[in-house]
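Presented below is the structure to which this report refers.
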Amino acid sequence: DAMVIQNPRYQVTQFGKPVTLSCSQTLNHNVMYWYQQKSSQAPKLLFHYYDKDFNNEADTPDNFQSRRPNTSFCFLDIRSPGLGDAAMYLCATSRGPGTGGRTDTQYFGPGTRLTVL
Amino acid sequence: KNQVEQSPQSLIILEGKNCTLQCNYTVSPFSNLRWYKQDTGRGPVSLTIMTFSENTKSNGRYTATLDADTKQSSLHITASQLSDSASYICVVRNTDKLIFGTGTRLQVFP
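Here the protein sequences line up with chains P and A, keeping their order. Each residue of the first sequence is one higher than the one before, counting from 5 in the numbering used here. Each residue of the second sequence is one higher than the one before, counting from 613 in the numbering used here.
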């Protein structure tokens with residue numbers, strides 16, 4: 005089945021130790037998103053790629069970076085995780101504006117739960 | 613400021629009962645409104661989507677309504693099941709962004 009896959013599902017890292025989260029999709033969607041969701045809060049968009057074009061949200065810390073080497077894969081790099089970065093990280097994909105129109109649906113992966121010790 | 617507010621914050625009901633979740637928004641321009649279900653430890657899954665001209669949409673036991681004049685939406689769950697226990701998130705799209713509500717945490721007990 006076409007889907008959005010995130011690995012690992014659970015990640016534990018140490019304060020300040022770089023960590024990379026992975027997302028892959030078999031939907032062949034143009035757009036890939038990374039969200040941060042803290043407990044009992046709404047998901048917060050960090051950035052997204054429209055094809056190879058990177059779009060960073062204004063309030064996303066520099067500590068968060070992303071790479072999209074090809075259509076299928078997108079990575080979230082946290083260069084120096086702090087305790088406040090512990091959260092669920094959600095990857096989502098969509099076909100993109102102009103293709104899905106006003107009902108462009110975002111399909112979410114299961115998330116990666118990041119713990120920072 | 614674009615905002616989506618949901619109520620109640622949490623809700624407990626008995627299996628088989630109905631319930632209604634509320635969503636108020638101040639998003640402009642409005643493109644569409646979507647209800648997502650998010651199981652604990654999982655990503656959100658879309659339940660319904662409504663554009664400006666639609667005022668009701670059903671998906672099995674889930675029925676969403678939209679009043680674009682008052683900028684309110686509701687999600688009605690009929691004959692609740694244990695598997696309905698989850699967070700329900702109202703998401704409003706403006707031109708290019710999704711504005712998320714903080715969700716209603718629903719717990720269904722036997």
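Backbone N, C-alpha and C fix where the C-beta goes; we use that ideal spot for every residue, glycine too.
Expected contact under 8 Å - CB spacing of residue i and residue j to nearest Å
i	j	result
Asp679 (chain A)	Asn671 (chain A)	Actually they do not touch by this definition, with Cβ atoms about 19 Å apart.
Phe77 (chain P)	Ser28 (chain P)	5 Å
Gln4 (chain P)	Thr714 (chain A)	Not covered by the structure: residue 4 (chain P). The range shown for chain P is 5 to 121.
Gln615 (chain A)	Thr638 (chain A)	5 Å
Thr663 (chain A)	Asn644 (chain A)	5 Å
Ser98 (chain P)	Thr109 (chain P)	6 Å
Ile625 (chain A)	Val720 (chain A)	6 Å
Buried versus exposed, by CB contacts within 10 Å (16 or more), residue i
i	result
Lys669 (chain A)	buried
Pro47 (chain P)	buried
Met36 (chain P)	buried
Ile82 (chain P)	buried
Ala62 (chain P)	exposed
Asp89 (chain P)	buried
Cys58 (chain P)	Here residue 58 (chain P) turns out to be Phe, not Cys, going by the sequence shown. Classification of Phe58 (chain P): exposed, given that the 10 Å Cβ count is below 16.
Residue i (DSSP reduced to helix, strand or coil)
i	result
Ser695 (chain A)	helix
Asp81 (chain P)	strand
Leu87 (chain P)	helix
Lys613 (chain A)	coil
Phe642 (chain A)	coil
Thr660 (chain A)	strand
Leu25 (chain P)	strand
Arg705 (chain A)	strand
Asn60 (chain P)	strand
Ser43 (chain P)	coil
His52 (chain P)	strand
Gly105 (chain P)	Confidence at Gly105 (chain P) is low in this model, with a pLDDT of 48, below 50, so its placement is unreliable and the value that follows should be read with caution. It is helical.
His33 (chain P)	coil
Ser76 (chain P)	coil
Near the ligand GTP: residue i beta-carbon under 7 Å from a heavy atom
i	result
Leu25 (chain P)	Absence of the ligand GTP is noted for the structure shown, with no ligands found whatsoever.
Chain D within 8 Å of residue i, Cβ atoms only
i	result
Phe721 (chain A)	Among the chains of the structure shown, chain D does not appear; the protein chains present are P and A.
Inset, instruction - Report yes or no: do three or more beta-carbon pairs, one from the segment 50-58 of chain P and one from the segment 614-622 of chain A, lie closer than 8 Å? - result: no
Inset, instruction - Would you check if there are 3 or more beta carbon pairs closer than 8 Å linking the segment 66-82 of chain P to the segment 19-39 of chain P? - result: yes
Legend entry - Proximal residues, the segment 652-679 of chain A versus chain P, C-beta separation under 8 Å: Gly653, Arg654, Gly655, Pro656, Val657, Ser658, Ile661 and Thr663
Inset, instruction - May I ask you to verify whether the segment 6-18 of chain P touches the segment 680-692 of chain A, counting CB pairs closer than 8 Å and requiring at least 3? - result: no
Legend entry - Against chain P: residues of the segment 695-710 of chain A by CB proximity under 9 Å: Ser699, Ile701, Val703, Arg705, Thr707, Asp708, Lys709 and Leu710
Inset, instruction - Using a Cβ-Cβ cut-off of less than 9 Å, list which residues of the segment 83-96 of chain P approach chain A; keep chain order. - result: Met92, Leu94, Cys95 and Ala96
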